[in-house]
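Working notes for the structure below.
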Amino acid sequence: MGTCSTRSIGDESDVVDATNPITRRGSSVAIVTGKSSVRYTYSTASLNTRLMTGGRSGVCGLNNLGNTCFLNAAVQCLSNTAPLTDYFLSYDWKADVNTRNPLGNRGEIAASYGSLVHKLWCGSKPSVSPTRFKSRVGKFAPRFGGYQQHDSQELLSFLLDGLHEDLNRVIKKPYVEDVEDKGRPDVVVAAEAWRAYLLRNKSIIVDLFQGQLKSTLVCDHCGTRSVKFDPFMYLSLPVGTSAGQAGSLHRSLQEFTSEERLEGDERWHCPKCKKFRNASKKFDLWKLPPLLIVHLKRFSYTRRGVRRKLTNNISFPTTGLDLSAFCVGDDPDPPVYDLYAVINHHGRGLGSGHYSAFALNPAHNAWHCFNDSRVGRIDERDVHSADAYVLFYTRMTKQKKGRDPALLERKEGAPRVGPPSRMPPAAPSEADRELSTRSIGRSNSRRPSGNSVASAGDVALATAAAAQGTAATQAAVMGDGAARAALGRRAAAA
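Oh and the sequence shown: position 194 is 1673 in this note's numbering, straight run, nothing missing.
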């Protein structure tokens, strides 16, 4: 992927307008970066010719330091985010570090993360310990400082925010007032709001992960309409209200963008009526980022204040996620995405479960299961399970490049775990087929685990995974030796 070296990028004559930092040229993404006006260009084609030599190329485990699986899973997904890792390995990212940002972490989160990514991609060990990185995270977010289990999505949110502020190229943030629509066209208000946001926020994280939501409020009494455009880092989508009810990503997006009623204690304070009024509220996607993170809201609180998990099986496409029906912006390029990583949560309780990750490694161009220190190849069809918690998608360009045959060659250090599943993949729902293949017009309207031998908990976890998934998934969760023994017992019993 990268070259395990640091070099400067861009030149004075190669400039992209900072108010529109991302431009598409074929399969590349041109991004303004650095304290001067220079351009960072990530290209999928460049990855094909810049593979690592002598390193693990991201196929490297992270040792569990004691209930740090939540951290390991999030890091592995970001490590396999090609343009972000390319940025940390191949470019002078230290030139972007903003040690004077009062909202940042004095550059320590970026430095510790960059060092960890270098070990995962350029080191020779099959697994490394994220000790220093965890220490830096705990320093600036004390809630993650101990050895209790935490929500991986919350850690991911902190990490992306921390990287953004540490790498924010705005040295002195100006005061910016909220942008009001005042009856103007949406395209004008949205552009003004985005420019205002960029006056205070410019980083590789903004360039890659952040988009824009349109929020519309309408007063029932007088009809006053308020439209705002706000940035977002990820979409938090509902997964259904009934435990065990099957659903799809398409339905979750429909629910997210459906009209919501604000009544009772949630009434809106209408600026014209100057009173709290019943109102309607609606979210729409306006501007979508190159990399889209989707958080499935699996955890909710009961009336007794207990956090419970919704185990609904949510089907989602691995290729061709078309968001045209939900995006009302004026982007000429179709918002079509392919999946490249998943954070999984196994078990029923947030504090007692286990996290693992599936990721499409960009150097090997193959899906892997990252289960703390254990890493193994899996088939793409094994990625779907009821344990999926956070989905990572990459936006496709108009002309999707074909896969480089050289990347398909099996490499040392990336063993395939378990035999191919004999079970047929689950048939996609009608909604998913529609979401993946149909071109839709725009709407006019939002544990720790051991490092070698599998424990009894691992075996139970893998057994549960096998009941929902395949033998390959079971092998990846349990580890090679234990998986082979378990698969052998299943074969003998059959």
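No residue lacks a Cβ here, since even glycine has one placed at the ideal position from N, Cα and C.
- Are at least three pairs of beta-carbons, each pair with one atom in the stretch 1820-1830 and one in the stretch 1575-1589, less than 8 Å apart? no
- Message: Quick check on this structure: which residue in P1717, R1756, K1661 and D1640 has the alpha carbon closest to the alpha carbon of S1682?
- Response: On the sequence shown, position 203 is the one that residue 1682 refers to. Nearest option by C-alpha distance: D1640.
- Task: Express the C-alpha separation of H1863 and L1979 in angstroms, rounding to a whole number.
- Result: The first residue shown for the chain is 1480 and the last is 1973, placing residue 1979 beyond what the model contains.
- Residue nearest to K1776 in terms of C-alpha spacing, selected from S1731, A1670 and R1746: What you label residue 1776 is simply residue 297 of the sequence shown in a count that begins at 1. Closest option to K1776, Cα to Cα, is S1731.
- In three-state terms, what does DSSP make of A1842? Along the sequence shown, read from residue 1 onward, the residue named residue 1842 stands at position 363. Looking at A1842 - three-state DSSP - the assignment turns out to be coil, as it is neither helix nor strand.
- Use the C-beta contact count for G1593: other C-beta atoms within 10 angstroms, 16 or more gives buried, fewer gives exposed. Here the question's residue 1593 lines up with position 114 in the sequence shown. With 16 or more other Cβ atoms within 10 Å, it is buried.
- Residue from G1743, S1694 and R1615 with nearest C-alpha to F1430: The chain is shown from 1480 up to 1973; residue 1430 falls before or after that span and cannot be answered.
- Message: Counting only C-beta atoms, is P1581 closer than 8 Å to chain D at any point?
- Response: The chain labelled as chain D is not found in the depicted structure, where only one protein chain is given.
- Task: In angstroms with no decimal places, state the Cα-to-Cα distance between C1539 and L1599.
- Result: Against the sequence shown, residue 1539 aligns to sequence position 60. Against the sequence shown, residue 1599 aligns to sequence position 120. One C-alpha to the other measures close to 6 Å.
- Message: Is the beta carbon of P1562 closer than 8 Å to that of L1687?
- Response: Against the sequence shown, residue 1687 aligns to sequence position 208. Against the sequence shown, residue 1562 aligns to sequence position 83. Yes; because the gap between Cβ atoms is below 8 Å, this pair is in contact.
- From the DSSP output, which residues share a beta bridge with W1747? Here residue 1747 corresponds to residue number 268 of the sequence shown, with the count starting at 1. Partner(s): R1756.
- Query: Across which residues does DSSP place D1686 in a beta bridge pair?
  - Reply: Position 207 of the sequence shown, counting from 1, holds the residue named residue 1686. D1686 is not bridged to any residue.
- Item | Close Cβ partners of N1823 (< 8 Å) along its chain, the five nearest in sequence each way excluded | Translated into the one-based positions of the sequence shown, residue 1823 becomes position 344. These residues qualify, in order along the chain: A1552, Y1834, S1835, A1836, F1837, S1864, D1866, A1867 and Y1868.
- Item | Span of the beta strand (DSSP E) around A1823 | Locating residue 1823 in the sequence shown gives position 344, counting from the first residue. Residue identity differs from the one stated: residue 1823 is Asn in this sequence, not Ala. Looking at the DSSP string, the run of the beta strand (DSSP E) that includes N1823 is V1815 to H1825.
- So the beta strand (DSSP E) R1674 belongs to, where does it begin and stop? Locating residue 1674 in the sequence shown gives position 195, counting from the first residue. Counting along the chain, R1674 falls outside any beta strand (DSSP E), though it belongs to the alpha helix (DSSP H) covering D1665 to L1677.
- So, N1543 versus Q1627, is the Cβ gap smaller than 8 Å? Taking the first residue of the sequence shown as position 1, residue 1543 is located at position 64. Taking the first residue of the sequence shown as position 1, residue 1627 is located at position 148. Taking 8 Å as the Cβ cut-off, N1543 and Q1627 do not qualify as a contacting pair.
- Secondary structure of K1766, DSSP reduced to three states: Stepping through the sequence shown from its first residue, residue 1766 is reached at position 287. Looking at K1766 - three-state DSSP - the assignment turns out to be strand.
- Query: When we look at the beta-carbon of C1701 and count the other beta-carbons within 10 Å, is it buried (16 or more) or exposed?
  - Reply: Here residue 1701 corresponds to residue number 222 of the sequence shown, with the count starting at 1. Counting Cβ neighbours within 10 Å, C1701 comes out exposed, since fewer than 16 surround it.
- Message: What does the Cβ neighbour count give for T1610, buried or exposed, with the cut at 16 atoms within 10 Å?
- Response: As a working mapping, residue 1610 is identified with position 131 in the sequence shown. So T1610 counts as exposed.
- Leaving aside the five residues before and after E1587 along the sequence, list all residues of the same chain whose C-beta is less than 8 Å from its C-beta, in chain order. Here the question's residue 1587 lines up with position 108 in the sequence shown. R1615, K1618, F1619 and D1645.
- Task: Mind reading off the beta-carbon distance from L1870 to V1773? Whole number of angstroms is fine, and I expect it under 8 Å.
- Result: Looking up residue 1870 in the sequence shown gives position 391. Looking up residue 1773 in the sequence shown gives position 294. With 8 Å as the limit, L1870 and V1773 qualify as a contact, their Cβ atoms being about 4 Å apart.
- Taking DSSP as the reference, what is the three-state secondary structure of C1698? Translated into positions along the sequence shown, residue 1698 becomes position 219. Of the three classes helix, strand and coil, the one that applies to C1698 here is strand, per DSSP.
- Going by Cα to Cα distance, which pick from L1839, T1790 and G1799 is closest to G1832? Counting from one through the sequence shown, the residue named residue 1832 turns up at place 353. Nearest of L1839, T1790 and G1799 to G1832, Cα basis: T1790.
- Item | Exposure of Y1420, with buried meaning 16 or more beta-carbon neighbours within 10 Å | Shown here, the chain extends from 1480 to 1973; a query on residue 1420 therefore has no answer.
- Contact belief for E1739 with K1761 at Cβ below 8 Å, rounded distance in angstroms: Reading the sequence shown from its first residue, position 260 is the one you call residue 1739. Reading the sequence shown from its first residue, position 282 is the one you call residue 1761. Yes, they are in contact, since the Cβ atoms of E1739 and K1761 sit about 7 Å apart, within 8 Å.
- Query: Over what stretch of residues does the beta strand (DSSP E) that includes F1708 continue unbroken?
  - Reply: Your numbering for residue 1708 matches position 229 in the sequence shown. From DSSP, the beta strand (DSSP E) with F1708 extends over R1704 to F1711.
- Message: Would the stretch 1697-1712 count as touching the stretch 1646-1662 if we require 3 or more Cβ pairs under 8 Å?
- Response: yes
- Can you give the Cα-Cα distance for F1612 and A1589, rounded to whole angstroms? The count along the sequence shown starts at 1 and reaches residue 1612 at position 133. The count along the sequence shown starts at 1 and reaches residue 1589 at position 110. Between F1612 and A1589, the C-alpha separation is close to 10 Å.
- Does the Cβ of K1604 have 16 or more other Cβ atoms within 10 Å, making it buried, or fewer, making it exposed? Looking up residue 1604 in the sequence shown gives position 125. With fewer than 16 Cβ atoms within 10 Å of its Cβ, K1604 is classed as exposed.
- Message: Rounded to the nearest angstrom, what separates G1624 and V1815 at their Cα positions?
- Response: Along the sequence shown, read from residue 1 onward, the residue named residue 1624 stands at position 145. Along the sequence shown, read from residue 1 onward, the residue named residue 1815 stands at position 336. Computed Cα separation, rounded: 38 Å.
- Task: Return yes when the Cβ of L1677 is within less than 8 Å of the Cβ of P1653, no when it is not.
- Result: In the sequence shown, residue 1653 corresponds to position 174, counting from 1. In the sequence shown, residue 1677 corresponds to position 198, counting from 1. In this structure, L1677 does not lie closer than 8 Å to P1653 by Cβ.
- Message: Just verifying my parser: in three-state terms, what is the DSSP assignment at Q1863?
- Response: Position 384 of the sequence shown, counting from 1, holds the residue named residue 1863. Sequence inspection shows His at residue 1863; the Gln mentioned does not correspond to that position. In the structure shown, H1863 sits in coil (DSSP, three-state: anything other than H, G, I, E or B).
- C-alpha gap between A1758 and V1655, whole angstroms: In the sequence shown, residue 1758 corresponds to position 279, counting from 1. In the sequence shown, residue 1655 corresponds to position 176, counting from 1. Each residue's Cα considered, the two are about 28 Å apart.
- Just the Cα atoms here: how many angstroms apart are T1797 and R1535? Locating residue 1797 in the sequence shown gives position 318, counting from the first residue. Locating residue 1535 in the sequence shown gives position 56, counting from the first residue. Each residue's alpha carbon lies about 25 Å from the other.
- Item | Residue burial classification, K1766 (beta-carbon count within 10 angstroms, cutoff 16) | In the sequence shown, the residue the question calls residue 1766 occupies position 287. That one is buried.
- Query: Looking only at DSSP bridge pairs, what is A1836 linked to?
  - Reply: If you number the sequence shown from 1, residue 1836 lands on position 357. Its beta-bridge partners are I1822 and F1849.
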